[in-house]
């Protein structure tokens, strides 16, 4: 059995969704970020073939969805709920971006259910529904075109939760760096060859070697690469 | 007129997309985060009614899409390109998450075009295509179900760029990168010289060119450095 994670305690609540494709897209968006608990409040469409097609490998999430008559039912037991909405400055609710909200949502979800709530494609959430939630969740968007697709909104929120939980940054490709002396010897050998072949004028060297050094420092030289560069510069020697 | 932002210099390149719905979803995902420059490389479907329906208010992005025959065309002039792919530990290219990559992508995009590259729904990007890009972009996902929808991948990457631009003042680029064609021509010239001088056996090339490509991708090639490397490899030619 897999150990439980806070993601297992996070529900995605879709209110009065009208397009089956969005149900499927939301399920896939959830599963790909490790969420599995889907609640549908008074859905305006069926879980049909289109929904299943868009869900792709996340049909299980779709088929295990809990259908509710109203928002309160879907929030039963949740200790924190964040309602996704475009900026509503007329509402006094605490409003956060997904990045701001994620740590506390996850923290709470370690011990109790937490909900992300998304309104219908056309009407969003009513004021009454918004006020039932703990927080407003504002996904930053282009002020000139803020029409985020429902599945995309779920994707972005789920992504933030996944990243925040997983926040050990992805390591750079691991490689064994060459030691200082090796690199230094390589630089000196390079310089000698460049002088020998007439590419570098020792009387007027300009900035060639400083530039090459900067280049190699920026790249970082792997142990195995030293031999490659030695070989290439040895070939220069054959002029 | 609106002031230009770095987002105006960021291209989304979709390679061999096969579902019209994903073209539309990508266009909408872009516009909602302030991106507008869409390139389609050898698309396997038409911009049809389904594409326009899914694009919703972003039909303009779809209709202004630049159609290209190959990846090189779509990267023309780009100084930095990040290829979205699931973790590919067999490939030696520098790999970053969208969050890690966003600051440098935006920094470069202040002065020159930058590209995000996405492969086909079924096959992703080929090794050859990946090696032509500067970086790999790994969106963190559920290890048990990593099948991110194409439109969702565009959404997540665009969201990160939008948020990063919102969150922090941009640094100036540390150096002016050479464009894609210059670097690509340099790689091809290098390979030819290495074959000519007998350093690279075209019948048994092993991993020399991938390693060199990795090295240059890691360093990032400055505009002025292209001439230096051309000179050095020209000297190899004089055997």
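Residue numbers (this note's numbering), protein chains in the order written: chain A, 190 to 428; chain B, 190 to 428. Just so you know, even glycine gets a beta-carbon here, dropped at the ideal spot from N, CA and C.
**Request:** Answer with buried or exposed for residue 317 of chain A, where buried requires no fewer than 16 other C-beta atoms within 10 angstroms of its C-beta.
**Result:** exposed
**Message:** Rounded to the nearest angstrom, what separates residue 226 of chain A and residue 301 of chain A at their Cα positions?
**Reply:** 13 Å
**When B:378, B:408 and B:404 are compared against residue 425 of chain B, the one with the closest alpha-carbon** = B:378
**Request:** Give me the Cα-Cα distance between residue 343 of chain B and residue 416 of chain A, rounded to the nearest whole angstrom.
**Result:** 40 Å
**Request:** Pull up the CB-CB distance for residue 334 of chain B and residue 340 of chain A, whole angstroms please, since I reckon it's below 8 Å.
**Result:** No, residue 334 of chain B and residue 340 of chain A are not in contact; Cβ-Cβ is about 16 Å, not under 8 Å.
**Message:** Could you give the first and the last residue of the continuous beta strand (DSSP E) run that contains residue 403 of chain A?
**Reply:** Per DSSP, residue 403 of chain A belongs to no beta strand (DSSP E); it is in the alpha helix (DSSP H), 397 to 408.
**Prompt:** Would you report the Cα separation of residue 202 of chain B and residue 209 of chain B, rounded to the nearest angstrom?
**Reply:** 15 Å
**Request:** Could you check what DSSP says for residue 390 of chain B in three-state terms: helix, strand or coil?
**Result:** coil
**Message:** Against chain A, which members of the region 336 to 368 of chain B pass a CB distance test of less than 8 Å?
**Reply:** 336, 337, 338, 340, 341, 344, 345, 348, 351, 352 and 355
**Message:** Can you tell me where the beta strand (DSSP E) holding residue 422 of chain B begins and where it ends?
**Reply:** That residue, residue 422 of chain B, is in no beta strand (DSSP E); its alpha helix (DSSP H) goes 412 to 425.
**Item:** Whether residue 326 of chain A touches residue 305 of chain A by CB criterion (8 Å)
**Value:** yes
**Asked** Rounded to a whole number of angstroms, what is the C-alpha to C-alpha distance between residue 230 of chain A and residue 260 of chain A?
**Response** 6 Å
**Request:** Using a Cβ cut-off of 8 Å (strictly closer), state whether residue 313 of chain A contacts chain B.
**Result:** no
**Asked** So is residue 334 of chain B in contact with chain A if we call contact Cβ pairs under 8 Å?
**Response** yes
**Item:** Nearest-angstrom beta carbon gap, residue 232 of chain A and residue 252 of chain A [assumed within contact, 8 Å]
**Value:** In fact, because the Cβ distance is near 14 Å, the residues do not count as touching under 8 Å.
**Message:** For residue 195 of chain A, which residues in the same chain have their Cβ closer than 6 Å to its Cβ, ignoring the five residues on either side in sequence?
**Reply:** 295, 298 and 299
**Asked** Is the region 278 to 291 of chain B touching the region 209 to 219 of chain B in the sense that three or more CB pairs, one from each, lie closer than 8 Å?
**Response** no
**Asked** What residues in the region 240 to 266 of chain A bring their beta carbon closer than 9 Å to a beta carbon of chain B?
**Response** 243, 245, 246 and 247
**Request:** For residue 329 of chain A, I'd like the list of residues in its chain whose CB is within less than 8 Å of its CB, leaving aside the five on either flank, ordered along the chain.
**Result:** 286
**Item:** Endpoints, alpha helix (DSSP H) assigned at residue 352 of chain A
**Value:** 339 to 354
**Prompt:** Leaving out the 5 sequence neighbours to the left and right, which residues in its chain are closer than 8 Å to residue 366 of chain A when beta-carbon positions are compared?
**Reply:** 409, 410, 411 and 412
**Item:** Rounded C-alpha distance that separates residue 375 of chain A from residue 376 of chain B
**Value:** 22 Å
**Asked** In angstroms, rounded to a whole number, what distance separates the CA positions of residue 279 of chain B and residue 396 of chain B?
**Response** 12 Å
**Asked** By a C-beta neighbour count over all protein chains shown, 10 Å radius and 16 as the cutoff for buried, is residue 392 of chain B buried or exposed?
**Response** exposed
**residue 264 of chain B - DSSP class collapsed to helix/strand/coil** = coil
**Asked** Under the DSSP definition of a beta bridge, which residues are partnered with residue 304 of chain B?
**Response** B:200 and B:270
**Inter-residue spacing [alpha-carbon to alpha-carbon] between residue 200 of chain A and residue 250 of chain A** = 11 Å
**Proximal residues of chain A, C-beta to C-beta of residue 425 of chain B below 8 Å** = 421, 424 and 425
**Prompt:** Should residue 322 of chain A and residue 270 of chain A be called a contact, given that it needs their Cβ atoms to be closer than 8 Å?
**Reply:** yes
**Asked** What separation, rounded to the nearest whole angstrom, lies between the Cα atoms of residue 423 of chain A and residue 382 of chain B?
**Response** 14 Å
**Ordered list of alpha helix (DSSP H) runs contained in the region 193 to 260 of chain A, each at least 4 residues** = 209 to 221, 238 to 244 and 248 to 252
**Message:** Is there a C-beta anywhere in chain B that falls below 8 Å from the one on residue 376 of chain A?
**Reply:** no
**Asked** For residue 193 of chain B, does the count of other Cβ atoms within 10 angstroms reach 16, so buried, or fall short, so exposed?
**Response** exposed
**residue 329 of chain B: contacting residues in chain A (beta-carbon distance under 9 Å)** = 222, 348, 351, 352, 355 and 359
**Asked** Looking only at its own chain, which residues have a Cβ that is under 6 Å from the Cβ of residue 248 of chain B, when we skip the five neighbours before and after it?
**Response** 241
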